[in-house]
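Chains as they are written, first to last, in this note's numbering: chain A, 1 to 323; chain B, 324 to 629; chain C, 630 to 1143; chain D, 1144 to 1485; chain E, 1486 to 1779. C-beta: ideal position from N, C-alpha, C; glycine also.
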Amino acid sequence: MGDILIQSKNLKKYFFDTGGWLSKQKNIVKAVDNVDLEIVQHETLALVGESGCGKSTLARLLINLLQPTDGEVLYKGENIFNLRAEAANQFKKQVQFIFQDPYACLNPRMKVIDIIGEPLTTHKLAVGKNKEIRVEQLMNLVGLRQEFMNRYPHQFSGGQRQRIGIARALALNPELLICDEPVSALDVSIQSQILNLLKDLQAQFGLTYFFISHNLSVVRYMADRVCVMFLGKVVELGNCEEIFEQPLHPYTSFLMNAAPVPNPKLRNRARLLLEGEVPSPMNPPPGCRFHTRCPYVQEICRVEEPKLADYGGRKCACHFSLT
Amino acid sequence: MVLFIIKRIISSIPILLGVTLLIFILLHIVPGDPVTLMMNDHVDPDTIARVRAQMHLDEPIYIQYFNFVWDALHGDFGVSYKMNRPVATLLWDAFPNTLVLATAAMVFSWVVGVPAGILSVVKKYSVIDYFFMGSALLGVSMPVFWSGLLLQYIFAFTLGWLPVSGFDNILCLIMPAVVLGWGAAGTIARLTRSSLLEVMGNDYIRTARAKGLSAIAVLFNHALKNSFLPVVTVMAIQVASMLSGSVITETIFSIPGIGRIAVNAIQTRDLPLLQGSILFTTILVILGNLAADMMYFFLDPRIKNK
Amino acid sequence: SLMNKSTSKNTLRVAAINDPGTADTQMNTEEYNLPLNIFERLVEIKTSAPGVSEMVPGLAEKWDISADGKVYTFHLRQGVKFHNGEELTADDVVYTVDRMLNPKTKALNTDFFDMIAGAKERMEGKADTTAGIKAVDKYTVEITLAQPFAPFLANLATPAASIYNRKATEAAGTQFGLDPEKTVGTGPFKIKEWKVNDHITMVAYDQYWGGKAALDGIIIKIVPDADTQKMLFETGELDVFNCDLARTQIPYFEGSDKWKNQIVKGPRVGLYYYSINENIKPFDDVRVRKAFQMAINRQELLDKLYFGKGKLVNTIMPPGLLGYNPNASQIAYDPQKAKQLLVDAGYPDGFSMVIASASDRPETLRVNEAVQAMLKQVGITVEIKQMDRASLLSTRKQGQLPMYMDIWSADFNDPDNFIYTFFAPRNAVTRSYNYKNETVAGQLEQARKMTNQEERYKLYQEMENQIVINDAAWLPLFSPEHLFVVQPRVKNFKVAWNGWGDMPYYGISLEESK
Amino acid sequence: MAEDSAVIDEHKINGTAIAEKDMMLAVTGLKTYFFTKKGVIPAVDDVSFTVKKGRIVGIVGESGCGKSMTALSLMGLVPAPSGKIVAGSIVLDGKNLVNLTEKEMCQVRGNEMSMIFQEPMTSLNPVYTVGKQVMEAAILHQQLGKAEAKEKALEMFKLVGIPEPQKRLDTYPHQLSGGLRQRVMIAMALCCRPKLLIADEPTTALDVTVQAQILQLMKKLQAELDSAIVLITHDMGVVAEVCDDVTIMYAGKIVEQANVFELFDNCLHPYTAGLLKALPTLRKNGERLYNIPGMLPNLLQLPKGCRFFPRCESASAICAEQEPDLVDVGQGHLVRCLKYRG
Amino acid sequence: MESQLQAIEQPQYVEESFLTELFQSIKQNKSALAGCIVLLIFISAAVLAPYIAPYDPYHVDMSQQFQKPSAQYLLGTDMFGRDILSRIIYGSRISLVIGLVPTIISMMIGTMLGLIAGYYGKKTDYIIMRTADVVMAFPSLLLAMVVMYTLGASLLNIFIAISLVNWAGTARVVRSQTLVLKEKEFVEAAKIMGVKNWVILVRHLLPNCIPSLLVLFTLGIPEAIMAEATLSFLGVGAQPPMASWGLMASSGKEFLFMAPWIAIVPGVAILLVALAFNFLGDGLRDALDPYLKQ
Ligand SMILES: Nc1ncnc2c1ncn2[C@@H]1O[C@H](COP(=O)(O)OP(=O)(O)OP(=O)(O)O)[C@@H](O)[C@H]1O
Ligand SMILES: Nc1ncnc2c1ncn2[C@@H]1O[C@H](COP(=O)(O)OP(=O)(O)OP(=O)(O)O)[C@@H](O)[C@H]1O
Ligand SMILES: [Mg+2]
Ligand SMILES: [Mg+2]
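As structure tokens, this is what we get:
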């Protein structure tokens, strides 16, 4: 393993929801709860997990879009939440983000050329004709027709918008790319094109990816390591191959099991589906957070919270990991 | 929320001090001496000097200001030079009238402005749109002293439906409210229109339509609230301008209100009265803007209330 | 509507532009509608015919003046009751005069009494009483002047000299003139209700010594806008419309079948004039001033801007004023000669000057605009500088105000009210004339002390000739006519002797309309 | 346009008359164009397909090929003013939607037919709580009172697997994660139990467990109500799991249409073949993914012949010249490729 | 394969510049075009005043007082016998400038401060918005009067007076929109890209405020013209014999029944300009609206 590029320590993000008008009721959403994570240079760390478990929140914390409730994020050893101007600028140049929602992150009043070109102009890398050329290049890379340069975001289809976002994130040749479901809106062909592109870039420039996805086949294809989150907590972390072959945490195995298979003949295969009450981050159950749905639940799970323990290079937080 | 209101009110105190200081300084910069103004043309300078001394106008300005603030803190806003009555009484009598007038005008401008804006969106670039745009602009580009006179001529003099002026029943309120609220209605209508058109392009409007809401329902239930932020802001601004800008309306319709008092006060350099009336409107404007800021939270949950 | 249930039909409804602020005339230098109706003075001025007035006994039945013109003895009318039931006594008169001069009162009209012996000391706080006034007995008051002062009686007839009741006034304190209950006079009306900036109601005082008024009361509605007043008048909500507020409506009323017979007019003992500031170059040159006088077509101004309602005046004292000189020399309109004079004075190409204009008087602005065009004909470029009244007055007091047009009407019927007001050395500065003529200055002081009226008027006319014709220090324009339109039900409406809009309403009656 | 639809009112598709009663949706010759300054964009060009009651039809295709526009056309929500349905008929349960007035259409939308939009973030009104937005449809179409509607919304939230549904009713969209928003959208669309559900990538933002749950839910509701679903997706896995029939679109046109088993076994169109080849699978790792070379053509300047020809590996000279028709190769398997003509 | 692709693509991005695009979409909008034409007429009247005015606008001829509109005096004469048409033509010089300059100044100040207040929030917001409160609380008429009394009545001071009063409203409106906009994801996207704050303000927030600003601007013009009229009415506006529309309209009030044309003609001129600007504003709004881009 190489050097640690970015690292989170005891990272917490709680959302305090004051409720409505004059209402005293307060909800605390523990979106990210005590997460320690390391991303090593040149690797792809994939993050999977139930939707709403805090993946986007974690990603946003890593890029200093949200102020953490507690904990710190170290980028190349420096806490990103109190970088000085020059370093902050450098950080913003080296770390890029692909948003989960492709449309909301595009200014509806800007043309595509300006959107993709914005990081270039911001960091004074290209202007005028140069910018145009670079934007064309980027658009070609992500499979967008360069003639659409002068269109506005709303004139594109969902997948095309997603690609605009990707092109923008690639514009600066970042070191670390945080991708929040970058390919979910793309058809398989474009998806493989983008995935290939990301892989090529990694091979060529040694990029590091933090890759959030629900599509396990994509994760399997992309990731070196996989991190599984459940309700704000990391429940399993390990080598991609191993996790797919032999999940340790029951939740992980459910995930693997639930993935759809592109073969209609297998549609009636026996599948384990999660039962039981869906736990909520507003009111997480005591003990193991997964216990309400876990088929292997024991008494201890209801009371004691399992620690993230080491299983020969892999980590898992379960009292009875499936070894 | 309650905390927020209290904080805002406390933080308004410096503004009030600022306003009074501003008036104080301005009135001392402006040429013209209140005593000279009070006096008959053939009064000799000795008398003037004597009266000035009696009114403490010969003291240094900061002492005068300090005295004013000190007295004001004790609820004493002084006695009007011109009207000889305590400022507080004068304002207390005049204020309800202005408030009633401004409220009526506001209600008029909302009741007319918002629907007009909506209608001109529904029928964009149609005769109705042009009609509302025309009337809105008529309200903005017609001097109040004209529109007042014209309404009086038509509705009071020719048709005899409404009283010419006065302020003792609800009928009397109609014309002044229209005159004062017309321009505001125009602005509201135009702003509602543009803001609505802006919002109509959003995806959630499509979602609402997909639910089967009619175009009108979509407009009212989904677009309006989203588009209301600038409109509410402007409404709050208009509260200010209606309270302070009602002079001409009050004059034309013989309404004994604050606006007239304030303009008279500045013309006669009646410092205590001017201070008092502006302080009054300032408080109202602050409250109006506070209301608007609170409306923001209500209108858009994304605005963080901190 | 102006009437509410409790108001009788027999109430005269008039309008005023401003709220008078206070009825206390010692504290008020402009608004006299209330004092003229609720108070009375020792001497009154009666309008005998339009523009003609005479001094008549008021609260004083008769008076004696000592031979040296310094001691005035007034014999009060007996049995006069104040609104609070108190009888009028000499002590009330002493109290009234002393109150004005008492520095604690902060009175604004002290100049009407400051010629009384001991007034200065009283005003400066060096004395506790006014030496020159005393009650001889219950109904006799004696006033001693520091020096003979010819216009003294006329002075006493001004609203400022209204007589108050000691008991009521002392009890009222600062509320005197404000609180209807506490504002007590002897006049034919008393205040019943006062809503500031809205309206004031007066009702007839049944025990008025001259007999109860024919009107049940008067309601003064504060209507700041002239057009609104006109509209109210036409819809029958006001009984009187004062055309001075909207002269441009005169042609309308005169052309209207309904109203043309309802116009009541009277001359104004007063005149429009242009001041000339001799400190401002080149008006230090008499030729320039004469050119200025001649370049202005006063007849055209009167005809076009005032619809011919008035009379050209060539003097300082207007027609109707005692001492008015109908045979004064004319100021001709002669632009050619004016140009010549400017050439003589060394301004062949003219010059630029400033005319000040009070911003609250659109009427004077119009005259100024017309004059601007007229002066342009003789090569003078005029810049009209609009100033708000406060700035204008304070600049004027410093003697630095440029030319301005204004109107002056008589407070009391005496030449002193005009010539002294403008041309006494100190006033000539504070009114921005900066007129310096030793002879005239001496003559002004002398005239004040003269007791022979005929000779006194002669002297004034002499001064007038010197100032207007020889020194060209003043440009009289015209004496306007004051028009009122009244509802048919209003009877016996007369324009006040001096042409004021404020007037006593006693004597007016209303005819019940069918 | 009116004349067009009159002609097509016969509900005839490719010459085969289809029995009225088990037909839920029949789209015939649908053309939705964008009129821009630079020219006309045929985003949906002559699309025809049918959905029988109780069936799920999947629409798959390259991103930007006109899937969402087809869906929006069905809903009558093509973005005005530049977009317009220029031809075709859309018959829902015997009613030609193209002929309906806006008012009648309002009765259909959200009630008989509803849609889950692709972008859950921007498709929810930011200033209302999600509960209110779900209740709205119920109040409108089912004449429910406020309280009942709230019950209903709560029930729906539970069904789509939103944790702590009670509390979530009162949250605003920006406080929810992408997946939660998408589930809210789904709840909203299913709330009135529509006869036809159009789901535009309903599960992209969901993790697989929730996805499986939602798909099951959709199937269950469909079975209960005998309704039909049009499912737009990129996920071939999802297609394989739930769809009965599949339509493949490319550049505004349908290129292949078949039963799901037939399609996965025996896909005919080179584009479809490419798609299946490009799938990453859970099993294989390491080698480069296949992707179809080239890009979707610019709809403004479509190539003369087959629209897929520039990217086609098995293209021949004629493909550049002649535009292929959609031909039936048996058992309702349609394909638009010159290889299969005649 | 690649070569085939190239063959199909004709190079076709001859994109028009922003301005030509704007111009074209306005040209297509009938009412905006009408607005443009009316404005052009007024502007050329202002520029060419000495050549097209039939009479000297300042020439007083009392004998021609109150002439009805006729062949000789197309729009009649006023109380001084001055030709109203000529005065309107000359007046357009002042009134257009008064309508535009202070409005532009106050919009610029207000927009800037509003953006800053809304975006930075906290103390900055507090200071700016409380200042705006003070300005708004101080009756605008009074503030303007005080400025004029103190500095004297002149065109420049009218600008100052009106600008001083009007910025606060714009600032509040812009701030209110900024408050919402700054929470949007595209702003976040810009932030993490390292876009400087002021660039975010100008490039991302400002364009999204444009529609409201256009409304405020187009309505601000007649308001400024009217504000000048009110100031003139109080004697502190444009100085006679200068002819500003506001002054003409207000001084004509007295003759509204006797010689209505004196007041109505300048009133109509103001209305026309207001309409023209508003039509143009609507056109611009549509032209800048990406959703309406064809
Ligand atoms: N308002 C518009 N103006 C012009 N072209 C548009 C507009 N909206 C969409 N388009 C174009 O129409 C085509 C079809 O878009 P559509 O949204 O239907 O694609 P899609 O198949 O849903 O793709 P995705 O899977 O990426 O969502 C796209 O090429 C898009 O560029
Ligand atoms: N601004 C906010 N206020 C309150 N709660 C929030 C806010 N943003 C997110 N949350 C909550 O935090 C939790 C985690 O959200 P997050 O967006 O990180 O989920 P996610 O893992 O990305 O899910 P998905 O895969 O569905 O996108 C959710 O329960 C969400 O409702
Ligand atoms: Mg997420
Ligand atoms: Mg789509």
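What residues from chain D crowd round residue i, counting only those whose CB sits closer than 9 Å?
i: A/Q137; result: Per Cβ cutoff of 9 Å: no residues; A/Q137 is ~14 Å from chain D at best.
Going by DSSP in three states, residue i sits in which element: helix, strand or coil?
i: C/N871; result: strand
i: C/Y1062; result: coil
i: D/H1317; result: helix
i: A/V374; result: In the structure as shown, chain A starts at 1 and stops at 323, and residue 374 of chain A therefore has no counterpart that could be examined.
i: C/F921; result: helix
i: C/I674; result: strand
i: E/L1773; result: helix
i: C/R990; result: coil
i: B/K405; result: coil
i: C/K889; result: helix
i: C/H1111; result: strand
Output the distance between the C-alpha atoms of residue i and residue j, rounded to the nearest integer angstrom.
i: C/R1018; j: C/V1058; result: 18 Å
i: E/Q1588; j: E/V1700; result: Looking at the sequence shown, residue 1588 of chain E is not Gln but Thr. Whole-angstrom Cα-Cα distance: 12 Å.
i: D/K1293; j: B/Y448; result: 40 Å
i: A/V234; j: A/F320; result: 16 Å
i: C/L951; j: C/G899; result: 12 Å
Determine the chain E residues that contact residue i at a beta-carbon separation under 9 Å, and present them in chain order.
i: C/D1017; result: M1630, M1633, Y1634, L1719, G1720, V1721
Below 7 Å on C-beta distance, what does residue i contact in chain E?
i: B/N612; result: D1618
i: C/T877; result: E1739, F1740, M1743
Quickly, what does DSSP pair residue i with across the bridge? List them, please.
i: A/V29; result: A/F15
i: A/E78; result: A/Y75
Under 7 Å Cβ-Cβ, which residues of chain A neighbour residue i?
i: D/S1095; result: The structure shown has nothing for residue 1095 of chain D, since chain D only spans 1144 to 1485.
i: D/I1372; result: Those do not exist, as D/I1372 stays about 15 Å from chain A at its closest Cβ, beyond 7 Å.
Name the chain A residues that come within less than 9 Å of residue i, Cβ to Cβ?
i: D/T1213; result: The premise fails here: D/T1213 is roughly 11 Å from chain A at the closest Cβ pair, so nothing lies under 9 Å.
Quick one: which chain D residues come within Cβ less than 8 Å of residue i?
i: B/D526; result: F1260, E1262, T1265, S1266
Which chain B residues sit within Cβ distance under 9 Å of residue i?
i: C/S1020; result: V353, P354, G355
Every unbroken beta strand (DSSP E) inside the segment 192 to 236 of chain A [3 residues or more]: Taken in chain order, the complete beta strand (DSSP E) segments of 3 residues or longer contained in the segment 192 to 236 of chain A are 208 to 212, 225 to 230.
Pocket of ligand 5 defined by Cβ to heavy atom distance under 6 Å: Ligands present in the displayed structure are limited to ligand 1, ligand 2, ligand 3 and ligand 4, and ligand 5 is not among them.
3-residue-minimum beta strand (DSSP E) runs that sit fully inside the segment 1189 to 1231 of chain D, ordered along the chain: Annotation: the segment 1189 to 1231 of chain D contains the following complete segments of the beta strand (DSSP E) (minimum length 3 residues), in chain order: 1199 to 1204.
Uninterrupted alpha helix (DSSP H) stretches inside the segment 1513 to 1544 of chain E (no shorter than 4 residues): 1515 to 1532, 1534 to 1537
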